[in-house]
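Engineer: Quick one: the structure is below, questions incoming.
Residue numbers (our numbering): 1009 to 1142.
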């Protein structure tokens, strides 16, 4: 019998990812793709922007960076939609974890960047008890 619980993350941890904006732009009209990767809130936030492909690419990079920081990648225990990236006015991007990894108390700090061609994310995941300034 296999264990169906996700591996306990080793914290603190770091994840980094880069994605070409054109990879996301190629699918911007593909609703099935967008719904499979991004939450309703992420799509609503990004699709109203002047350059939605840059916003979505930065969120894709964040999801991948979180998966790397957790050490599992996207797959059995972590789906793309389990990592939600939303902008808090006056505070910047924030990450919320859903699904199997939501059981672990952790704080996630993220820095996003993008140009016309590339989006990137750096993610640090800390134990919940770590004192981080919001």
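All C-beta atoms in this analysis are idealised placements derived from N, C-alpha and C, irrespective of residue type, glycine included.
#1: Could you check if residue 1065 is buried or exposed, using at least 16 other CB atoms within 10 Å of its CB as the buried criterion?
#2: Short check: CB of residue 1079 to CB of residue 1090, under 7 Å?
#3: By the three-class DSSP mapping on this structure, what secondary structure does residue 1055 have?
#4: In chain order, which continuous runs of the beta strand (DSSP E) of length 3 or greater are located wholly inside the region 1058-1138?
#5: Output the distance between the C-alpha atoms of residue 1209 and residue 1048, rounded to the nearest integer angstrom.
#6: Go through its chain and collect everything with a Cβ distance to residue 1057's Cβ below 6 Å, but skip five positions before and after it.
#7: Out of curiosity, what's the CA-to-CA distance linking residue 971 and residue 1076?
#8: In this structure, how does DSSP classify residue 1037 when only helix, strand and coil are distinguished?
#9: If we call anything under 7 Å between Cβ atoms a contact, is residue 1053 one with residue 1033?
#10: Span of the beta strand (DSSP E) holding residue 1021?
#11: Counting C-beta neighbours from all protein chains within 10 Å, is the total for residue 1023 16 or more, i.e. buried, or is it exposed?
#12: Using 8 Å as the threshold, is the region 1025-1032 in touch with the region 1125-1135, meaning 3 or more CB pairs across them?
#13: Within its chain, find whatever has a CB closer than 8 Å to the CB of residue 1017; leave out the 5 residues flanking it on each side and keep chain order.
Structural biologist: By the coordinates alone:
#1: The residue given as residue 1065 occupies position 57 in the chain shown. Label assigned to residue 1065: buried.
#2: For the purposes of this step, residue 1079 is taken as residue 71 along the chain shown, with counting starting at 1. For the purposes of this step, residue 1090 is taken as residue 82 along the chain shown, with counting starting at 1. Cβ distance not < 7 Å, so residue 1079 and residue 1090 don't count as in contact.
#3: Mapped onto the chain shown, residue 1055 falls at position 47. In the structure shown, residue 1055 sits in a helix (DSSP, three-state: H, G or I).
#4: 1091-1096, 1100-1105, 1114-1122 and 1126-1135
#5: What the structure shows of the chain is the stretch from 1009 to 1142, and residue 1209 is not part of that stretch, so it cannot be assessed.
#6: For this step, residue 1057 is matched to residue 49 along the chain shown. These residues qualify, in order along the chain: 1063.
#7: With the chain covering 1009 to 1142 only, the question about residue 971 has no answer from this structure.
#8: Translated into positions along the chain shown, residue 1037 becomes position 29. Coil.
#9: Indexing the chain shown from 1 puts residue 1053 at position 45. Indexing the chain shown from 1 puts residue 1033 at position 25. In this structure, residue 1033 does not lie closer than 7 Å to residue 1053 by Cβ.
#10: By 1-based counting over the chain shown, the position of residue 1021 is 13. Looking at the DSSP string, the run of the beta strand (DSSP E) that includes residue 1021 is 1021-1028.
#11: Here residue 1023 refers to the residue found at position 15 of the chain shown. Under this definition residue 1023 is a buried residue.
#12: yes
#13: For this step, residue 1017 is matched to residue 9 along the chain shown. Around residue 1017: 1077, 1078, 1079, 1109, 1112, 1114 and 1133.
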